[in-house]
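> Once you've had a glance at the structure underneath, I'll fire off some questions.
Next up, the structure:
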């Protein structure tokens, strides 16, 4: 699963820690999601979309084979 | 979530750990005491079993509490690590049993179950954390 977290963060000039605090998880969790090592739960995906004021589909995207 | 924890929370955790250690120690000491008491009644022996078994619960509560405070990523890593530790524990037990069978170790040889399980759990969680860190 691809995601645009890094781009969305950069647009807002947020660090991983700042994003983590906004959604209430650890920086490690954000790093793991951002690098594609860990797929977030639906509630976390929704929270991430909400803090970026966008939809889940514009943050996360399925890759071929997913 | 910050990496540091406030001093009051740390002190509270320290107190819980000391209590858990005392409970664990008491369970073992009581069990040993009953073991060396030849005329111990059946009830006393069962009491030693119950106290000895329940003495691990405070530690488990600390571990569960720690996981409860963590986020979904921490819980995921812990879950994968626990699965790894379970597999490692089974392999370890089988290896030890076969070592006894082929007389590589004494037939009465046994290792303390709890320290081995704890060490394997820590190693399992560490392996899971490492896997998620280096995974491409």
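Residue numbers (my numbering), protein chains in the order written: chain A, 4 to 69; chain B, 199 to 334.
Don't be surprised by glycine CBs; every beta carbon is placed ideally from N, CA and C.
Bear in mind that the values here come from a model prediction, so they are computed numbers and not experimental data.
Give the residues of chain A in contact with residue 333 of chain B, contact being defined as C-beta atoms less than 8 angstroms apart.
40
> Quick check on residue 203 of chain B - is its C-beta less than 8 angstroms from some C-beta in chain A?
no
> Please decide whether residue 199 of chain B counts as near chain A, where near means a Cβ-Cβ distance under 8 angstroms.
Confidence at residue 199 of chain B is low in this model, with a pLDDT of 47, below 50, so the placement of that residue is unreliable and no value is reported for it.
> For chain B, is any of its Cβ atoms less than 8 angstroms away from the one on residue 47 of chain A?
yes
> Please list, in chain order, all residues of the same chain as residue 55 of chain A whose beta carbon is under 7 angstroms from its beta carbon, the five residues on each side excluded.
11, 62
> Would a C-beta distance cut-off of 8 angstroms place residue 283 of chain B and residue 245 of chain B closer than the cut-off?
The answer is no: Cβ separation not under 8 angstroms.
> Going straight from the alpha carbon of residue 40 of chain A to that of residue 229 of chain B, what length do you get?
46 angstroms
> Does any residue of chain B have a CB that is nearer than 8 angstroms to the CB of residue 19 of chain A?
no
> Can you tell me the Cα-Cα spacing of residue 215 of chain B and residue 58 of chain A, whole angstroms?
Answer to the nearest angstrom: the Cα atoms are 44 angstroms apart.
> My output table needs one value for residue 17 of chain A: the three-state DSSP class, helix, strand or coil.
DSSP places residue 17 of chain A in coil when its eight states are reduced to three.
> Tell me whether residue 64 of chain A sits in a helix, a strand or coil according to DSSP, three-state version.
strand
> Could you please tell me which residues of the stretch 259-272 of chain B, in chain order, have their CB closer than 8 angstroms to any CB of chain A?
268, 269, 270, 271, 272
> Would you tell me roughly how many angstroms separate the C-alpha atoms of residue 148 of chain B and residue 236 of chain B, rounded to the nearest one?
The question about residue 148 of chain B has no answer here: the residues shown for chain B are numbered 199 through 334.
> Since residue 210 of chain B is in the alpha helix (DSSP H), which residue starts that stretch and which ends it?
205-233
> Verify whether the separation of the beta carbon atoms of residue 260 of chain B and residue 218 of chain B is less than 8 angstroms.
yes
> Can you find a C-beta in chain A that's less than 8 angstroms from the C-beta of residue 231 of chain B?
no
> Are the stretch 29-48 of chain A and the stretch 285-300 of chain B in contact at 8 angstroms, needing three or more beta carbon pairs?
Flag = no, the stretch 29-48 of chain A and the stretch 285-300 of chain B do not touch.
> Pull up the DSSP beta-bridge partners for residue 6 of chain A, would you.
BP columns for residue 6 of chain A point to A:63.
> Quick one: does the C-beta of residue 15 of chain A sit closer than 7 angstroms to a heavy atom of the ligand FMN?
This structure lacks the ligand FMN; in fact it carries no ligand of any kind.
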